[in-house]
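In my numbering, the protein residues as written are 31 to 401.
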Amino acid sequence: MSEVIQQQGNLQTPGSWPGGDGGGGDWPRYPRLYEAIPASGPTSGGNTVLLTGSGLLGTSQVTFGGVPATIIAQDPYGGSVTVIAPAHAAGTVQVIATTPRGHSNGVSYTYTVTPPTGPTVTALIPSSGPTTGGTAFAIIGTNLTGATVTFNGVAALGVSINATGTVLTGTTPPGPAGNVPVVVTTPAGSTAVVGGFTYTAPPPVAILLSPSSGSTAGGTAFVLTGSNLSGASVTFNGVAATGVSVNASGTALVGFTPAGPLGNVPVVVTTPAGSTAVVGGFTYTAPPLPVVTSLSPSSGSTAGGTAFVLTGSNLSGASVTFNGVAATGVSVNASGTALIGFTPAGPLGNVPVVVTTPGGSAVVAGGYAYV
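Structure, rendered in structure tokens:
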């Protein structure tokens, strides 16, 4: 009987067990989980989950459906464990914590399929480039993985995306001058880049002006060769050339010089993309003097009205006087080699006939005889 009493005297009450529910001791407490907060997350994992419970001190492993999570924090009193959820197939799984005292009970956690998020774009660098394409660009944003990019509906070239899906690089395709839409497309959707992309035409290039000189009277036909000449205008000493036309490839321009002062003047070619000066400019020269070789007929009525033909060279723009009085109906052929008109009335006898052009004047040998 005394032995029993002695043995009973050595027993400890539950409240005095170390680590027991009565507190204050070191008796091992088995781990227990109460809940997971939050109780659901994406199948991709990566979200933070707080596990509440008791006896969780020294947790060495937490599994979600058998897949280990990453432990990032523990309550020093064993009341909670914070983990990063691992990836897992969709559905509800059991979360179990393991401590030196064993495995806990399981609490439910549900993996859900999260619809993919469409791309977002915060910047396009640069926002402009030449119409010829080939401009290296970078698009900054999010959810760019698997993206394609179009400029005005044409796919960009050499597209590459970093591992985090935040930077996309490539080169622009050729495009028309002006602003065009830029669209980024992923399996999750599409987004338009605010501001788009502005294609700029390259500035004109002038290689050769032929001829490089001509009459101050203007009208000299010229050819200007180069590149990027589409839509160009040309000025000589600030005065626009006339009859300007450019070929389809933008490599040749033709036109006629305006009148200009004697000497060398600047020639400037201008397109929507810019301007360029023609090296060497253009030299205005005095027009050649008119040359008369014959006047037929060489005589006619004093009443005037006799039709005549005057032949020679450099007759373009000419006027004719008989005894100082202008002939009427004067016209010159395109080559400047023949002039026709009607004589004015004049006094009986021989009178001087003078032909005048921008280049000067010439007296017709033998004059004209009024009869």
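Note that the Cβ used here is the ideal one computed from N, Cα and C, for glycine as well.
For T78, which residues in the same chain have their Cβ closer than 7 Å to its Cβ, ignoring the five residues on either side in sequence? T112 and I114
* Would you kindly work out how many angstroms separate the C-alpha atoms of F167 and T73, rounded to a whole number? => 34 Å
- [ ] Alpha carbon to alpha carbon, how far is F181 from V212? Give it in angstroms, no decimals.
- [x] 5 Å
Report task. Give the DSSP-derived three-state secondary structure of P5 in the structure shown. Result -> The structure shown does not extend to residue 5, since the chain is modelled only from 31 through 401, so no value can be given for it.
Worksheet entry | P72: first and last residue of the uninterrupted beta strand (DSSP E) it sits in | S70 to P72
Secondary structure of V384, DSSP reduced to three states
strand
According to DSSP, is H118 part of a helix, a strand, or is it coil? coil
field: Rounded separation between V253 and G163 - CA only
entry: 29 Å
- Task: Counting only runs of 3+ residues fully inside the segment 222-254, write out the beta strand (DSSP E) ranges in chain order.
- Result: 227-230, 235-240 and 243-245
Practice item. Hey, could you find the ends of the beta strand (DSSP E) Y139 is sitting in? Key: V137 to T142
Is the beta carbon of S346 less than 8 Å from the beta carbon of V362? yes
Query raised in the report: Run through DSSP, which three-state label would Q37 get?
Result: Caution applies to Q37, whose pLDDT of 34 falls short of 50 and renders its modelled position unreliable; the value that the coordinates give is listed next. DSSP places Q37 in helix when its eight states are reduced to three.
- Looking at the unbroken beta strand (DSSP E) that takes in T313, where does it start and where does it end? F312 to T315
Same chain, Cβ closer than 6 Å to G335, neighbours up to 5 away in sequence not counted: F372
Does the Cβ of S138 have 16 or more other Cβ atoms within 10 Å, making it buried, or fewer, making it exposed?
exposed
- Item | Alpha carbon of G354 to alpha carbon of P288, nearest angstrom | 30 Å
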